[in-house]
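At position 73 of the sequence shown (counting the first as 1) the number is 73 in UniProt numbering, and the numbers step up by one without a gap.
Ideal Cβ placement from N, Cα and C applies to all residues, glycine included.
No experiment lies behind these values; they were computed from the predicted model shown.
To start, the structure itself, in structure tokens.
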Amino acid sequence: MSENLEADLVISIISLQSKIQKRVGAALSVHGIGLSEYLVLNQLYIATNQKMRRSDLAEQVGLSPSGVTRLLNPMEKIGLIEKSYNPRDARVSLVALSETGKKITEEAKISFEYSSVALFESIEKKRLSAFSELLRVVAK
């Protein structure tokens, strides 16, 4: 450990992120998707009418507009999402969850939750709650 607590914390968070991506990603792979795809599908699943503007979706999942487009193209090809344009403004592209995407999301949610619980099962609930709150504060 260095004398810079903040730098050590950033290193620890990056290590945790890697661990999360590996474990949760492995659990989601049985559904044919990765963590990034799951985050997109889940965001659409909870959205009003299961539809969002592409730019809003990018912001919600922490990707750039071009990054989310690169992620969405193969998802559209395999039928998880559907793209359309706003009839009032053709510059606004919309992304909707397909029926297949909805089914995959519901199935993958179980794997996501199970792997999330397994990841943190050794931490008592009170400490886990405090950790979660700290992360929310930092993420603002």
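Look at the alpha carbon of residue i and the alpha carbon of residue j, and state the distance between them as a whole number of angstroms.
i, j, result
"residue 163", "Asp56", "Since the first and last residues shown for the chain are 1 and 140, residue 163 lies out of range."
"Lys51", "Val95", "6 angstroms"
"Phe120", "Thr69", "32 angstroms"
"Ala130", "Ile123", "11 angstroms"
"Thr48", "Glu3", "47 angstroms"
"Glu6", "Pro74", "38 angstroms"
"Glu59", "Pro65", "8 angstroms"
"residue 141", "Ile11", "What the structure shows of the chain is the stretch from 1 to 140, and residue 141 is not part of that stretch, so it cannot be assessed."
"Ser93", "Arg127", "42 angstroms"
"Ala139", "Ala108", "25 angstroms"
"Leu9", "Lys125", "21 angstroms"
Using a Cβ-Cβ cut-off of 7 angstroms (strictly less than) and excluding sequence neighbours within five positions of residue i, which residues of its own chain qualify?
i, result
"Ser111", "Ala27, Leu28, Val30 and His31"
Using CA coordinates, which residue listed in the options is at the minimum distance from residue i?
i, options, result
"Lys102", "Ser115, Glu3, Ile81 and Val117", "Ile81"
"Tyr45", "Ile104, Arg88 and Ser132", "Ile104"
"Arg23", "Leu35, Ser98 and Glu3", "Leu35"
"Glu76", "Ala139, Ile33 and Ile14", "Ile33"
"Leu39", "Pro65, Glu133, Lys19 and Leu71", "Leu71"
"Ser116", "Glu37, Ala58 and Lys19", "Lys19"
Considering only residues of the same chain and omitting the five flanking positions on each side of residue i, which have a CB-CB separation below 6 angstroms?
i, result
"Leu41", "Gly101 and Thr105"
Point to revise | Unbroken stretches of the alpha helix (DSSP H), 4 residues or longer, contained in the UniProt domain "HTH marR-type" (6–140) | key: 35–46, 54–61, 65–77, 99–120 and 125–139
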